[in-house]
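The letter at position 61 of the sequence shown is residue 1373 when you use our numbering, and the numbering goes up by one with no holes. A virtual CB, placed ideally from N, CA and C, is assigned to each residue, including glycine.
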Amino acid sequence: MTEEQRRSKKRKRGNRRKEKSVSDRAAAKNNASSSIIASSGSATPTKSSSKSKSSFLDKMKARLSGGYFRMINEKLYTCSGDEALQYFKEDPSLFNVYHSGYQAQMSLWPEQPNDIIIKWIKDRSPSLVVADFGCGDARLARSVKNKVHSFDLVSNDPSVIACDMSNTPLVSSSVDVAVFCLSLMGTNFPSYIQEANRVLKPQGWLLIAEVKSRFDPTTGGADPNNFVEAICELGFSSTSKDFSNKMFILFHFQKKGKQKTRDINWPELKPCLYKRR
Ligand code: SAH
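Rendered as structure tokens:
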């Protein structure tokens, strides 16, 4: 081999190495950006040996999106509603990450509180006007014949109004049923209930489903009686408290009169944090 032939071979080897490192970086970047959103999307394996590699990648992606869900969930339980609105305004894609994690958690629950509330509404007149505070994917509105005003921090559907639910565009005394299904997340949750009180007609219903552990005083949760008492001070009467479900409590109130005291002693509701599985 001549000196010139040797040099040309070396140049070709160098170029091949450069090409490979550029394509490796591109692949790493693609994986990094999709891992934020993807929960279990799978890459198409080209060889049988890449099967185990892709299932490892799937596991890592699921772990990452689980981690993102827990981070967003903790944020929502530890900030006020207007901070949460700002948080999603800055990056609305986080809302979808949150909701895929939320649906995954819900699929582990033997019964969904939303289903019980939907049944309660279906058993009554379709003429009742409903407001769904923190509606998520607005399943309630899709499941009943009633007029439902759906509110959440982000709107992925034209029927959902994006707002902080402590300040909705509803007219005062215009709603028959106000629903909070697992949505009393913000540190200023009393202002959400005060908003529901404003928009409810006299005799209107207030339905609240919340995670049971938030009302377990033995583990730092609120005393459910203090919670009920605070809402009664606002001018409601408590018509039922259902503790029968393993995962959540369901409270029913009816609007009866005027706020009794100016300073209501609201209990603190501890965040509902999910453990890594
Ligand atoms: N009610 C739905 C979704 C529950 S998840 C269901 O039962 O399936 C809780 C929802 O409340 C989330 O979508 C969250 O974005 C919303 N939420 C929390 N704080 C809010 C606020 N201040 N204003 C509007 N929506 C809020």
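Contact fails between the segment 1387 to 1407 and the segment 1421 to 1434, because fewer than three Cβ pairs, one in each stretch, are under 8 Å apart. Residue pairing from DSSP leaves Gln1571 without any beta-bridge partner. About 16 Å separates the Cβ atoms of Phe1548 and Ala1521, ruling out a contact at the 8 Å cut-off.
Within the DSSP secondary-structure output, Ala1474 pairs in a beta bridge with Asp1464. Judged by DSSP secondary structure, Gln1515 falls within the beta strand (DSSP E) whose first and last residues are Leu1512 to Val1523. For Pro1438, the CB contacts under 6 Å within the same chain, skipping 5 residues up- and downstream, are Lys1457 and Asn1458 in chain order.
For Gln1424, the secondary structure class from DSSP, reduced to helix, strand or coil, is coil.
A check of alpha carbon separations from Asn1557 across Thr1551, Gln1571 and Ser1525 identifies Ser1525 as the nearest. By the Cβ test, the segment 1534 to 1550 is not in contact with the segment 1460 to 1479, since fewer than three Cβ pairs between them sit closer than 8 Å.
In this structure, Ser1495 lies away from Gly1533, with their beta-carbon atoms at least 9 Å apart.
Non-local C-beta neighbours of Ser1552 in its own chain, meaning closer than 7 Å and more than five positions away in sequence, comprise His1564, ordered along the chain. Nearest to Phe1555 by C-alpha distance, out of Asp1535, Lys1434 and Asp1469, is Asp1535. Taking 8 Å as the cut-off, the C-beta of Asn1509 does not count as close to any heavy atom of the ligand SAH. Here the distance from the Cβ of Met1477 to the nearest heavy atom of the ligand SAH is below 8 Å. Secondary structure of Ala1490 (DSSP, three-state): strand. Here DSSP, grouped into helix, strand and coil, assigns Thr1530 to helix.
Counting along the chain, the unbroken beta strand (DSSP E) around Ser1550 starts and ends at Phe1548 to Asp1554. Burial check for Met1497: the Cβ neighbour count within 10 Å reaches 16 or more, so the residue is buried.
With respect to the 9 Å criterion, Val1487 and Gly1516 are classified as neighbours on the basis of their beta carbons. Per DSSP, the beta-bridge partners of Val1442 are Val1460 and Val1489. Placement of the Cβ of His1411 at a distance of less than 8 Å from at least one heavy atom of the ligand SAH is found.
Between the ligand SAH and Arg1382, a heavy atom-to-CB distance of less than 8 Å is absent.
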